[in-house]
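Participant:
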Amino acid sequence: MTDYTPKPEHKFTFGLWTVGNIGRDPFGSEVRPAKTPVELVRLLAEVGAWGVNFHDNDLVPIDATPAERDRIVKDFKAALAETGLVVPMATTNLFFDPAFKDGAFTANDPKVRAYALQKTMNAIDLGAELGARIYVFWGGREGTETDASKDPMESIKRSREAMNFLCEYVLDKKYDMKFALEAKPNEPRGDIYNSTTGHMLAFIETLDHPDMVGVNPEVAHEHMAGLNFVHGVAQALDAGKLFHIDLNDQAFGRYDQDFRFGAVNLKSAFFLVKLLEDNGYDSSRHFDAHAYRTEDYEGVKDFARGCMRTYLILKEKTAQWNADKEIQALVAEINADDGSMSKYFGKYSAQKASALRTQTFDRLALGARGLGYERLDQLTVDLLLGVR
Ligand code: GLT
Ligand code: MN
Ligand code: MN
Numbered sequence: 000m001t002d003y004t005p006k007p008e009h010k011f012t013f014g015l016w017t018v019g020n021i022g023r024d025p026f027g028s029e030v031r032p033a034k035t036p037v038e039l040v041r042l043l044a045e046v047g048a049w050g051v052n053f054h055d056n057d058l059v060p061i062d063a064t065p066a067e068r069d070r071i072v073k074d075f076k077a078a079l080a081e082t083g084l085v086v087p088m089a090t091t092n093l094f095f096d097p098a099f100k101d102g103a104f105t106a107n108d109p110k111v112r113a114y115a116l117q118k119t120m121n122a123i124d125l126g127a128e129l130g131a132r133i134y135v136f137w138g139g140r141e142g143t144e145t146d147a148s149k150d151p152m153e154s155i156k157r158s159r160e161a162m163n164f165l166c167e168y169v170l171d172k173k174y175d176m177k178f179a180l181e182a183k184p185n186e187p188r189g190d191i192y193n194s195t196t197g198h199m200l201a202f203i204e205t206l207d208h209p210d211m212v213g214v215n216p217e218v219a220h221e222h223m224a225g226l227n228f229v230h231g232v233a234q235a236l237d238a239g240k241l242f243h244i245d246l247n248d249q250a251f252g253r254y255d256q257d258f259r260f261g262a263v264n265l266k267s268a269f270f271l272v273k274l275l276e277d278n279g280y281d282s283s284r285h286f287d288a289h290a291y292r293t294e295d296y297e298g299v300k301d302f303a304r305g306c307m308r309t310y311l312i313l314k315e316k317t318a319q320w321n322a323d324k325e326i327q328a329l330v331a332e333i334n335a336d337d338g339s340m341s342k343y344f345g346k347y348s349a350q351k352a353s354a355l356r357t358q359t360f361d362r363l364a365l366g367a368r369g370l371g372y373e374r375l376d377q378l379t380v381d382l383l384l385g386v387r
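The opening residue of the sequence shown carries number 0 in numbering that gives the first Met the number 0; numbering runs sequentially from there.
Next comes the structure, spelled out in structure tokens:
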């Protein structure tokens with residue numbers, strides 16, 4: 000039995016908006032009294048988190064005066080110093096205020112687009128002041144209900160221009176900061192642009208500074224789109240673009256549920272943790288989720304502790320899976336290679352192509368062979384259920 004105590008090296012983080020979620024939804028009011036950022040930092044320290052992330056307005060209200068801002072930031076810094084929590088990531092709220100009802104960087108009104116840039120520059124300054132090195136962009140309002148309202152080509156150009164402008168801003172200010180773009184297919188807009196991590200990866204390559212920009216995939220958002228999250232994250236890792244990750248859980252086909260990590264689909268959570276751990280992912284493990292609306296603050300702590308505990312249990316299960324003799328024998332069998340085909344792989348050459356053309360294959364035998372994946376999957380299930 001391993002120790003499942005969260006430690007700084009696990010890089011577990013929560014947004015102020017996650018443990019600070021007061022349970023409002025479209026059908027009901029808040030069920031928990033709001034806590035101040037300082038109280039939330041203390042709560043996160045109590046449950047053993049390493050870091051805290053925030054939107055500009057989670058910390059500083061949108062209508063705060065400069066003096067109020069300075070006082071709030073001072074108190075927040077004192078809470079960080081007192082608890083030892085760090086701020087690895089920050090972001091801008093470009094979705095709550097009515098000014099952003101038609102989007103921020105893609106709004107049709109140029110005044111809204113300019114205001115969004117100004118608000119983001121200020122929020123980047125705030126993030127940099129508190130030590131954030133990852134800056135997340137989640138464009139919840141960047142989309143449409145009707146495509147009569149916005150030209151999608153124009154929206155792509157506006158998004159690109161905004162990212163290019165803000166990359167230059169960070170370079171100009173000499174901040175040590177990278178951007179991570181977070182996709183979501185819908186909600187709150189009817190349809191959101193760049194709706195999946197794959198769309199984001201393609202979009203990034205069209206920017207002026209693609210090296211500065213990666214992705215922040217979220218479990219719930221890819222599952223809303225009916226996709227295999229593990230595959231999307233693997234693609235981001237392969238591209239060197241997994242700058243950050245939002246861990247939570249979600250039943251397929253639902254609204255954005257933002258449940259505790261592992262609360263719905265333990266098997267896919269396992270393969271996600273396995274992917275991250277096997278490939279040396281070293282950035283924040285950010286839980287972008289919140290407690291059920293049924294909970295008080297004791298339940299919120301149970302929720303936060305549960306996210307980290309499940310991650311650490313699945314990390315242990317990964318080590319167990321990788322060391323399991325029967326599982327590994329099957330994996331070796333599946334991947335058996337006598338080297339006889341190696342001459343055809345790798346870089347193309349005309350010689351290789353003509354040699355390959357003369358090779359004969361026993362197609363029927365290839366198709367007839369059973370692969371043993373049923374056994375492998377059941378061994379995985381046994382292992383996850385704790386009977387191995
Ligand atoms: C909002 C959204 C999240 C994003 C946050 C960052 S805001 O809570 O649902 O998925 O990561 O802007
Ligand atoms: Mn998120
Ligand atoms: Mn979400």
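No residue lacks a Cβ here, since even glycine has one placed at the ideal position from N, Cα and C.
Could you have a look at residue 183 and say whether DSSP puts it in helix, strand or coil?
Facilitator: Reading the sequence shown from its first residue, position 184 is the one you call residue 183. Of the three classes helix, strand and coil, the one that applies to residue 183 here is coil, per DSSP.
Participant: Exposed or buried, which one is residue 230 when buried takes at least 16 other CB atoms within 10 Å?
Facilitator: By one-based count along the sequence shown, residue 230 stands at place 231. Residue 230 is exposed by the Cβ-count criterion.
Participant: Whole-angstrom Cβ separation of residue 6 and residue 19, contact assumed at under 8 Å?
Facilitator: The residue you call residue 6 lines up with position 7 of the sequence shown. The residue you call residue 19 lines up with position 20 of the sequence shown. Actually they do not touch by this definition, with Cβ atoms about 24 Å apart.
Participant: Is residue 126 buried or exposed, if buried means 16 or more other CB atoms sit within 10 Å of its CB?
Facilitator: By 1-based counting over the sequence shown, the position of residue 126 is 127. It counts as buried.
Participant: Quick check: what's the CA-CA separation for residue 264 versus residue 83?
Facilitator: Indexing the sequence shown from 1 puts residue 264 at position 265. Indexing the sequence shown from 1 puts residue 83 at position 84. Straight-line Cα distance between these residues: approximately 33 Å.
Participant: Could you name the residues that DSSP lists as bridge partners for residue 27?
Facilitator: Walking along the sequence shown from the start, residue 27 turns up at place 28. Answer is 24.
Participant: Go through the residues and name those whose CB comes closer than 5 Å to any heavy atom of ligand 3, in chain order.
Facilitator: Going along the chain, the residues that qualify are 219, 255 and 257.
Participant: By how many angstroms is the C-alpha of residue 21 removed from the C-alpha of residue 298?
Facilitator: Indexing the sequence shown from 1 puts residue 298 at position 299. Indexing the sequence shown from 1 puts residue 21 at position 22. Distance between the alpha carbons of residue 298 and residue 21: 12 Å.
Participant: For residue 381, name the three-state secondary structure that DSSP assigns.
Facilitator: Translated into positions along the sequence shown, residue 381 becomes position 382. It is helical.
Participant: List the whole-angstrom C-beta distance separating residue 201 from residue 214, where the pair is believed to meet the contact cut-off of C-beta under 8 Å.
Facilitator: Within the sequence shown, the letter at position 202 stands for residue 201. Within the sequence shown, the letter at position 215 stands for residue 214. Wrong, their Cβ atoms sit about 11 Å apart, outside the cutoff.
Participant: Please find out if some non-hydrogen atom of ligand 2 comes closer than 7 Å to the beta-carbon of residue 287.
Facilitator: Position 288 of the sequence shown, counting from 1, holds the residue named residue 287. For ligand 2, at least one heavy atom lies less than 7 Å from the Cβ of residue 287.
Participant: When we look at the beta-carbon of residue 278 and count the other beta-carbons within 10 Å, is it buried (16 or more) or exposed?
Facilitator: Sequence index remark: in the sequence shown, residue 278 carries index 279 (1-based). Exposed, by the Cβ-count rule.
Participant: Going by DSSP, which residues form a beta bridge with residue 217?
Facilitator: For the purposes of this step, residue 217 is taken as the residue at position 218 of the sequence shown. Its beta-bridge partners are 245.
Participant: From residue 147 to residue 48, what distance separates their C-alpha atoms?
Facilitator: Taking the first residue of the sequence shown as position 1, residue 147 is located at position 148. Taking the first residue of the sequence shown as position 1, residue 48 is located at position 49. Straight-line Cα distance between these residues: approximately 45 Å.
Participant: Sorted by chain position, which residues of the same chain lie with C-beta nearer than 7 Å to residue 269's C-beta, five sequence neighbours on each side aside?
Facilitator: The residue you call residue 269 lines up with position 270 of the sequence shown. Same-chain partners within the cutoff: 313, 316 and 383.
Participant: Could you tell me the boundaries of the alpha helix (DSSP H) in which residue 389 lies?
Facilitator: Since the displayed the chain opens at 0 and closes at 387, residue 389 lies outside it and no answer follows.
Participant: Do you know offhand how far residue 158's Cα is from residue 172's?
Facilitator: Translated into the one-based positions of the sequence shown, residue 158 becomes position 159. Translated into the one-based positions of the sequence shown, residue 172 becomes position 173. Taking the straight line from one Cα to the other gives about 21 Å.
Participant: Anyone know if the C-beta pair for residue 261 and residue 309 falls short of 8 Å?
Facilitator: For this step, residue 261 is matched to residue 262 along the sequence shown. For this step, residue 309 is matched to residue 310 along the sequence shown. Cβ distance < 8 Å, so residue 261 and residue 309 count as in contact.
Participant: CA-CA distance, residue 207 and residue 99?
Facilitator: Against the sequence shown, residue 207 aligns to sequence position 208. Against the sequence shown, residue 99 aligns to sequence position 100. In a straight line, the C-alpha of residue 207 is about 26 Å away from that of residue 99.
Participant: Give the secondary structure of residue 293 by DSSP, where H, G and I count as helix, E and B as strand, and everything else as coil.
Facilitator: For the purposes of this step, residue 293 is taken as the residue at position 294 of the sequence shown. Residue 293 falls in the coil class under three-state DSSP.
Participant: Do you know offhand how far residue 151's Cα is from residue 259's?
Facilitator: Residue 151 sits at position 152 when you count from the first residue of the sequence shown. Residue 259 sits at position 260 when you count from the first residue of the sequence shown. Cα to Cα, residue 151 sits roughly 34 Å from residue 259.
Participant: Taking 7 Å as the cut-off, is the beta-carbon of residue 29 closer than that to any non-hydrogen atom of ligand 1?
Facilitator: Along the sequence shown, one-based indexing puts residue 29 at 30. No; taking the cut-off as 7 Å, the Cβ of residue 29 has no heavy atom of ligand 1 nearer than that.
Participant: Please state if the CB of residue 129 and the CB of residue 89 are separated by a distance shorter than 8 Å.
Facilitator: Within the sequence shown, the letter at position 90 stands for residue 89. Within the sequence shown, the letter at position 130 stands for residue 129. Going by C-beta atoms, residue 89 is nearer than 8 Å to residue 129.
Participant: When you compare the CB positions of residue 138 and residue 191, do they come within less than 8 Å of one another, or not?
Facilitator: Counting from one through the sequence shown, the residue named residue 138 turns up at place 139. Counting from one through the sequence shown, the residue named residue 191 turns up at place 192. Result yes, Cβ atoms of residue 138 and residue 191 sit closer than 8 Å.
Participant: Straight-line CA distance for residue 339 to residue 320?
Facilitator: As a position in the sequence shown, residue 339 is number 340, starting the count at 1. As a position in the sequence shown, residue 320 is number 321, starting the count at 1. Those two C-alpha atoms are separated by around 29 Å.
Participant: Quick one, are the C-beta atoms of residue 243 and residue 282 less than 8 Å apart?
Facilitator: Looking up residue 243 in the sequence shown gives position 244. Looking up residue 282 in the sequence shown gives position 283. Result yes, Cβ atoms of residue 243 and residue 282 sit closer than 8 Å.
Participant: Hey, out of 87, 182, 24 and 78, whose CA is closest to residue 13's CA?
Facilitator: As a position in the sequence shown, residue 13 is number 14, starting the count at 1. Nearest of 87, 182, 24 and 78 to residue 13, Cα basis: 87.
Participant: Smallest Cα separation from residue 61: which of 92, 39, 203 and 386?
Facilitator: Indexing the sequence shown from 1 puts residue 61 at position 62. The candidate whose alpha carbon is nearest that of residue 61 is 92.
Participant: I want to check one thing, is the minimum distance from the CB of residue 217 to the heavy atoms of ligand 2 below 7 Å?
Facilitator: Locating residue 217 in the sequence shown gives position 218, where the first residue counts as 1. Residue 217 Cβ: within cutoff of ligand 2.
Participant: Report the three-state DSSP secondary structure of residue 302 (helix, strand or coil).
Facilitator: For the purposes of this step, residue 302 is identified with residue 303 of the sequence shown, where counting begins at 1. Helix.
Participant: In the DSSP assignment, the alpha helix (DSSP H) including residue 3 goes from what residue to what residue?
Facilitator: Position 4 of the sequence shown, counting from 1, holds the residue named residue 3. Run containing residue 3: none; DSSP gives neither H nor E here.
Participant: Is residue 394 near residue 329, with beta carbons less than 8 Å apart?
Facilitator: The chain is shown only over 0 to 387; residue 394 falls outside these bounds and no answer can be derived.
Participant: Start and end of the beta strand (DSSP E) containing residue 264?
Facilitator: Position 265 of the sequence shown, counting from 1, holds the residue named residue 264. Where residue 264 is concerned, there is no enclosing beta strand (DSSP E), given that its DSSP letter is neither H nor E.
Participant: According to the Cβ coordinates, are residue 111 and residue 74 closer than 8 Å?
Facilitator: By one-based count along the sequence shown, residue 111 stands at place 112. By one-based count along the sequence shown, residue 74 stands at place 75. Going by C-beta atoms, residue 111 is not nearer than 8 Å to residue 74.
Participant: Whose C-beta lies closer than 8 Å to the C-beta of residue 58 among residues of the same chain, with five residues either side of it excluded?
Facilitator: Taking the sequence shown and counting its residues from 1, one reaches residue 58 at position 59. Closer than 8 Å at the Cβ level, and outside the excluded window around residue 58, lie 15, 36, 71, 72, 75 and 125.
Participant: Given residue 347, which residues of its chain have a CB within under 6 Å of its CB, disregarding the five upstream and five downstream residues?
Facilitator: As a working mapping, residue 347 is identified with position 348 in the sequence shown. Nothing listed; no residue qualifies.
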